[in-house]
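Peer 1: In this note's numbering, the protein residues as written are 503 to 1159.
Ideal Cβ positions, reconstructed from N, Cα and C, are used throughout, including at glycine.
All values derive from a computational prediction rather than experimental measurement.
Below are the structure tokens for one structure; questions will follow.
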Amino acid sequence: MHDEILMIPGEDKIPFSLPMTWIHTLVIGSGAAGLNAAVQLRANGIEDVLIVTEGLQRGTSINTGSDKQTYYKLSVYGDDADSPRTMAETYFAGGSMHGDLALVEASLSARAFMNLVNLGVPFPRDRYGQFVGYKTDHDPRQRATSIGPYTSREMCRALIRQVRRLGIEVREARNAVQLLTVEEGDERRAAGAIIVREDGRLEAYGAENIVFAVGGPGGLYKTSVYPKGHTGAIGLALLAGAKAQGLPESQYGLASTGFRWNVSGTYMQVIPRFISTAAGGGGEKEFLREYFDSAGEMNSLVFLKGYQWPFDSRKAIGGSSLIDILVYVETVLKGRRVFVDFCRNPQGFAFQDLCPEALDYLTRSEALLETPIERLHKMNPGAIDLYREHGIDIARQPLEIAVCAQHNNGGLAGNHWWESINVRHLFPIGEVNGSHGVYRPGGSALNSGQVGGFRAAEFIANRYTGWSVSGKAVKRTATAAAAGLLSWIARCAEAKSSWQAERRAFQERMTRAGAHIRSIQEVEKALLEAWEQYWRLEKAGCAYGRPLELAEALRNRQLCFAHAVYLEAISFALQSRVGSRGSAIVLDRDGAKVHDKLGDEWHIAPENMAFRDKVLETAATAGGMVENKWVDRRPIPEMDAWFETAWARFRKGEIYE
503 MHDEILMIPG EDKIPFSLPM TWIHTLVIGS GAAGLNAAVQ LRANGIEDVL IVTEGLQRGT
563 SINTGSDKQT YYKLSVYGDD ADSPRTMAET YFAGGSMHGD LALVEASLSA RAFMNLVNLG
623 VPFPRDRYGQ FVGYKTDHDP RQRATSIGPY TSREMCRALI RQVRRLGIEV REARNAVQLL
683 TVEEGDERRA AGAIIVREDG RLEAYGAENI VFAVGGPGGL YKTSVYPKGH TGAIGLALLA
743 GAKAQGLPES QYGLASTGFR WNVSGTYMQV IPRFISTAAG GGGEKEFLRE YFDSAGEMNS
803 LVFLKGYQWP FDSRKAIGGS SLIDILVYVE TVLKGRRVFV DFCRNPQGFA FQDLCPEALD
863 YLTRSEALLE TPIERLHKMN PGAIDLYREH GIDIARQPLE IAVCAQHNNG GLAGNHWWES
923 INVRHLFPIG EVNGSHGVYR PGGSALNSGQ VGGFRAAEFI ANRYTGWSVS GKAVKRTATA
983 AAAGLLSWIA RCAEAKSSWQ AERRAFQERM TRAGAHIRSI QEVEKALLEA WEQYWRLEKA
1043 GCAYGRPLEL AEALRNRQLC FAHAVYLEAI SFALQSRVGS RGSAIVLDRD GAKVHDKLGD
1103 EWHIAPENMA FRDKVLETAA TAGGMVENKW VDRRPIPEMD AWFETAWARF RKGEIYE
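Now the structure itself:
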């Protein structure tokens, strides 16, 4: 690592000094995926590694969780005959996932999991050292494990301790605002980044490799369960020309909006009262009841939301995802606020009216108690304490909720070594890597992030150890990029619209048109508005106050671009007649009606199953040109299990070709 100063022509011809750091491998982001990548790079002999991050305590991994946050892994308990191929088939069955990526995530699962165990993450085991598991959603076996609500937080803490033990440098209070790429022949490669510090100063980084671990697109939505400090930065890579895949495939579900947390599991199994009020308060009513013929039917579906937390298009008609739709109607369409009340039972509540599954569960849990909060205290007292720790006493006050964006199955397109398929030396890992398809097992994202760190580090250590990037080309690119950013920042001084107003605009647009309820008409309208906003933002900037807010203004550029590209991908999927699938329904008057007591607009298109064997690729340019195309998904590779030939290929390094 070494530093130098670049002189950039500034406004009024006054030169601007830009500090530039040269680093072999730059890790952008410090969630569980990025931290593990840095650790594995060092383990593979790459000494010149640097992590730049907004803060070790500010990412999604260390600030999120759920009722029982799941880590998905290969089964390593008892006589369960699991294997990488079997696990890969589970991933592949979710649809629209490449088979080689499924096999890699399965093959490295045990290695990644045991690495966390060895770092001190306390995954439960029995007296014989076997790691017990349970069955999660979209899981035919019992591969899931958990350490409680904060599995990913404890993963991060263990990895941070290891980063510090290894002496890997971390630079905090920094936000990436532009990726640097250069041309090499007819190919494009990553070469560094421009960073803004919290004091408003710009820095440049030149790098042989970039591990891009910036998380999911939490900043694109008004209602989001991503931590408030996490917005994501996929737009930086999209602006740099990196291809994406599966962008329309996200996961949504009910979550609290003050303190952002999934209201899954026992929060729903105790059957709280759903109420809504006017936006300014007042006018309280139990809005769910009018849609059901009986209180028992309504309360049974609320109970099932605990098992079936993610919104699922297959459960929209006659299933528990009807609850999410009714919350959307109340919040987005009617402009009201929705709360769950644990202090009182829903109107007409009676245990004997519940479906057998719900009644049996509550009976076995010894939770046939008077109120939801008593039932919750009996089954999961920690769920009450969790909110108290964040200043919310659900034993005394209703909890505000909405249908929130929770995870993007799609993201940037990488090969089976997690390198971008069209920008060499760029390694998107973690949620920003779009390895998953329509459905995925619960907890598989945590496994995928760890696997990505192993893959990127191993490939870099075996193929990209030297310096091949042109220093002169990187300096020219950094100089031009910084000059462009300074010009845009200068325009912000005259901007009439604040960064907060601009962000609200695209977040509300995505929640309205690009989340779990979609229609061709609404998406096309949103798409026109999205590009209009992006080009206005590019031309005029957005106003900000303190230097700390400059990062937010700059962040709007890539977020606004990203939301337009996401809407382009969603529009293409809808125009392709892919139908309702995964965690999104498509409104179509020719389809089946969701519910008799909803309006005629609530008919939905069925899923076109032919697209399960396709993957949607999206490529964008900074000029706003977006190309979408369906490609055939790659099958799960067939294995040559002969040891001697496999060993020879490994010794010769052929596996990295």
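With three or more beta-carbon pairs closer than 8 angstroms as the criterion, would you say the segment 538-554 touches the segment 939-956?
Peer 2: yes
Peer 1: Can you tell me the Cα-Cα spacing of Thr865 and Arg645, whole angstroms?
Peer 2: 27 angstroms
Peer 1: Taking 8 angstroms as the threshold (C-beta atoms), are Val834 and Val765 in contact?
Peer 2: no
Peer 1: Sort Gly820, Glu1129 and Cys906 by Cα distance to Ser726 and report the nearest one.
Peer 2: Closest by C-alpha distance to Ser726, out of Gly820, Glu1129 and Cys906, is Cys906.
Peer 1: Do Gly1126 and Ile1106 have their beta-carbon atoms positioned less than 8 angstroms apart in this structure?
Peer 2: Their beta carbons are not under 8 angstroms apart, which means Ile1106 does not touch Gly1126 by this criterion.
Peer 1: Which residue from Asp1142, Thr592 and Gly884 puts its Cα closest to that of Gly567?
Peer 2: Gly884
Peer 1: Within 8 angstroms (strictly less), CB to CB, does Met1141 reach chain C?
Peer 2: This model lacks chain C altogether; it includes just one protein chain.
Peer 1: Measure the alpha-carbon distance for Tyr830 versus Glu1156 and round it to whole angstroms.
Peer 2: 52 angstroms
Peer 1: If you follow the alpha helix (DSSP H) that Trp920 is part of, which residue opens it and which one closes it?
Peer 2: Where Trp920 is concerned, there is no enclosing alpha helix (DSSP H), given that its DSSP letter is neither H nor E.
Peer 1: Between which residues of its own chain and Tyr668 is the CB-CB distance below 6 angstroms, once the five residues before and five after are set aside?
Peer 2: Note on identity: in this sequence residue 668 is Leu, with Tyr being the wrong assignment. So the list reads Arg544, once near-sequence residues are dropped.
Peer 1: Is the segment 1039-1052 touching the segment 1107-1115 in the sense that three or more CB pairs, one from each, lie closer than 8 angstroms?
Peer 2: no
Peer 1: Relative to the C-alpha of Val1080, which candidate in Ile819, Leu740 and Glu751 has its C-alpha closest?
Peer 2: Nearest of Ile819, Leu740 and Glu751 to Val1080, Cα basis: Glu751.
Peer 1: So, under 8 angstroms CB-CB, Ser563 and Ala534 are touching, yes? Tell me the CB distance rounded to an integer number of Å.
Peer 2: 4 angstroms
Peer 1: So what does Gln747 bridge to, in DSSP terms?
Peer 2: Per DSSP, the beta-bridge partners of Gln747 are Gly913 and Glu1119.
Peer 1: Cα separation between Leu824 and Ala818?
Peer 2: 5 angstroms
Peer 1: Who pairs with Ser752 in a beta bridge, going by DSSP?
Peer 2: Asn910
Peer 1: Name the two residues that bound the continuous beta strand (DSSP E) containing Glu705.
Peer 2: Leu704 to Phe714
Peer 1: Along the chain, where does the alpha helix (DSSP H) containing Asp887 start, and where does it finish?
Peer 2: Pro883 to Arg890
Peer 1: Helix, strand or coil, according to DSSP, for Glu933 in the structure here?
Peer 2: It is helical.
Peer 1: Closest by CA to Gly850, which one among Phe794, Ser1021, Leu901 and Gln810?
Peer 2: For Gly850, the nearest C-alpha among the options comes from Phe794.
Peer 1: What is the C-beta distance between Ala1015 and Val1025, in whole angstroms, given that I count them as a contact (C-beta under 8 angstroms)?
Peer 2: The C-beta separation of Ala1015 from Val1025 comes to about 5 angstroms, placing the pair in contact by the 8 angstroms criterion.
Peer 1: In terms of DSSP beta bridges, what is Thr523 paired with?
Peer 2: Asp505 and Tyr707
Peer 1: Over the uninterrupted alpha helix (DSSP H) stretch that includes Asp826, give me the two end residues.
Peer 2: Ser823 to Tyr830
Peer 1: Check whether the Cβ atoms of Arg624 and Thr647 sit closer than 8 angstroms, and answer yes or no.
Peer 2: The residue asked about is misnamed: residue 624 is Pro in this sequence, not Arg. For Pro624 and Thr647, no; Cβs fall outside 8 angstroms.
Peer 1: For Ser815 and Arg1151, what's the separation of their Cα atoms in angstroms?
Peer 2: 45 angstroms
Peer 1: If you follow the alpha helix (DSSP H) that Arg1011 is in, where does it begin and where does it stop?
Peer 2: Trp1001 to Ala1015
Peer 1: Identify, in the order they occur along the chain, each residue of the same chain with its Cβ nearer than 7 angstroms to the Cβ of Arg699, setting aside the five sequence neighbours on each side.
Peer 2: Ala675, Arg676 and Glu705
Peer 1: Measure the CB-CB distance between Ala1045 and Ala1007 and report whether it falls below 8 angstroms.
Peer 2: no
Peer 1: Give the DSSP-derived three-state secondary structure of His1105 in the structure shown.
Peer 2: strand
Peer 1: Taking the alpha carbon of Arg1114 as the reference point, which residue from Ala1122, Gly1101, Thr1123 and Arg1135 has its own alpha carbon closest?
Peer 2: Arg1135
Peer 1: Given 8 angstroms as the limit, is there contact between the segment 753-764 and the segment 893-907, that is, 3 or more CB pairs closer than that?
Peer 2: yes
Peer 1: What did DSSP end up calling Lys570 once you bin it into helix, strand or coil?
Peer 2: coil
Peer 1: Can you check whether the CB of Met1012 is closer than 8 angstroms to the CB of His938?
Peer 2: It is not a contact, given that the beta carbons lie outside the stated cut-off.
Peer 1: Along the chain, where does the alpha helix (DSSP H) that runs through Leu1069 open and close?
Peer 2: Leu1052 to Gln1077
Peer 1: Considering only C-alpha positions, which residue in the set Gln1023, Ala1122, Phe929 and Gly734 is nearest to Leu528?
Peer 2: Residue Phe929 is the option with its Cα nearest to Leu528.
Peer 1: Would you kindly work out how many angstroms separate the C-alpha atoms of Pro874 and Ala735, rounded to a whole number?
Peer 2: C-alpha separation (whole angstroms): 40 angstroms.
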